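Here is the structure we will look at.
In our numbering, the protein residues as written are 534 to 913.
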């Protein structure tokens, strides 16, 4: 970590360029997108301290349901041990650290595949074979529990022993996001794509109105007037906005039923928001998408996009065919972005690269990049 700290100190002059007022500022230096040491520090300063959405409540509806997940190589289990309880804990046997659960499913207990230590679905140690004569107290032991909060149908976890208040963390979004009623939606599919770039490039790309009319001109960009989009910036790098676009389909026509809370809105309504560090929320008149951006390595990222619809969408004629088209449209958009962000990743490691000036359309990027500096190098 000392190497990363020194790198951040060395980047102070470049950070000062990002800290200038928007119309004079430059983007973050390439080193923060390419350095393995800074990436490791991001894990400690961001992903083990911030609240992270790891899935939907509806994905574990029954007692005993569980799924496993990884956050920057930290393996966890999310489970439902009781009807009104959702828990999360480290997927590490208390003996040698072997993962006690894999995939997803329904279980009453987990047996470590190495030495058969047995845990119930809440993570509590039930029995440790061969340890009867051990002088270490093993009664009432449990796998390390994570803090868990449920919000609008989503499961948030926090790795910290003393996490920031979730209520304070989410408060800036409670009232403005009248449109984000995903607890009244149903999950249709998850689109997962791996992209060869640093996670920040994708988070930034999802709020970059500047590029929409260029690389997305053939999909949806021609219907978004970037210069008319105004961002509401909130604390902790968050933001939200509302503008006019079109229904989210290749034809531009609305296919699925209108969301109940958007009945009095135009079919071209578009709402977006960002919750730091890795969530991007997007609504059109008939659907909501929740983009999760997960770091895999300094130069690799996994995108998981949850596609959510009102109940009535699942009974329309030709549902399977229309959903296939919708998923294909989402994948096409990601593919268009991937070419650009992977190109930026190649440039980020070049000693000749100098970050360019920010456009007035990049106000939200400016806000988030400066928050990143506050988190990672507050004295820079």
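Think of the CB as a built atom: it goes at the ideal place given N, C-alpha and C, for glycine as much as any other residue.
On a predicted model such as this, the values are computed, not experimentally measured, just so you know.
* Measure the alpha-carbon distance for residue 753 versus residue 781 and round it to whole angstroms. => Any reading at residue 753 is ruled out, since the residue's pLDDT is 49, under 50, leaving its predicted position unreliable.
* From what residue to what residue does the beta strand (DSSP E) around residue 772 run? -> 772-777
* Asked: Going by Cα to Cα distance, which pick from 739, 620, 607 is closest to residue 901?
  -> Checking every option, the nearest Cα to that of residue 901 belongs to 739.
* Straight-line Cα distance separating residue 792 from residue 610 -> If you take the alpha carbons of residue 610 and residue 792, they lie about 32 Å apart.
* Of the listed residues 636, 679, 627, nearest to residue 670 (C-alpha basis) -> 627
* Assign residue 523 to one of two classes, buried (16 or more other C-beta atoms within 10 Å of its C-beta) or exposed (fewer than that). => The question about residue 523 has no answer, for the chain in this structure spans 534 to 913.
* Asked: In terms of alpha-carbon separation, which member of 690, 699, 868, 560 lies closest to residue 602?
  -> 690
* Got a sec? Which residues, its chain only, sit under 8 Å from residue 735 by beta carbon, not counting five neighbours each side? -> 728, 826, 834, 836, 870, 874
* To do: Leaving aside the five residues before and after residue 772 along the sequence, list all residues of the same chain whose C-beta is less than 8 Å from its C-beta, in chain order.
  => The beta carbon of residue 772 is closer than 8 Å to those of 740, 764, 765, 766, 806, 807, 897, 900, 901 in its chain, skipping five residues each way along the sequence.
* To do: Report yes or no: do the segment 587-605 and the segment 631-642 share at least 3 C-beta pairs separated by less than 8 Å?
  => yes
* Asked: Who pairs with residue 939 in a beta bridge, going by DSSP?
  -> This structure cannot speak to residue 939, because the chain is shown only from 534 to 913.
* **residue 818, DSSP secondary structure in three states** => Residue 818 falls in the coil class under three-state DSSP.
* From which residue to which residue does the beta strand (DSSP E) around residue 961 run? -> The question about residue 961 has no answer here: the residues shown for the chain are numbered 534 through 913.
* In or out: residue 664 buried (at least 16 other Cβ within 10 Å) or exposed? -> By the 16-neighbour rule on beta-carbons within 10 angstroms, residue 664 is exposed.
* Asked: What does a CB cutoff of less than 6 Å around residue 631 pick up in its chain, not counting 5 residues either side in sequence?
  -> Within the same chain, and ignoring the five residues on either side of residue 631 in sequence, the residues whose Cβ sits closer than 6 Å to its Cβ are 645, 647.
* Just how far apart, CA to CA, sit residue 733 and residue 859? -> 26 Å
* Asked: Tell me the DSSP bridge mates of residue 908?
  -> When beta bridges are read from the DSSP output, residue 908 appears opposite no residue.
* Counting pairs of beta carbons, one from the segment 539-556 and one from the segment 567-578, are three or more of them closer than 8 Å? -> yes
* Rounded separation between residue 829 and residue 783 - CA only -> 30 Å
* **Alpha-carbon to alpha-carbon, residue 844 and residue 804** => 20 Å
* Per DSSP, what kind of secondary structure is residue 754 in: helix, strand or coil? -> Residue placement at residue 754 is poorly supported in this model, since its pLDDT is 44, which falls under 50; the coordinates are not used for a value here.
* **residue 623 - partner residues in DSSP beta bridges** => Per DSSP, 609.
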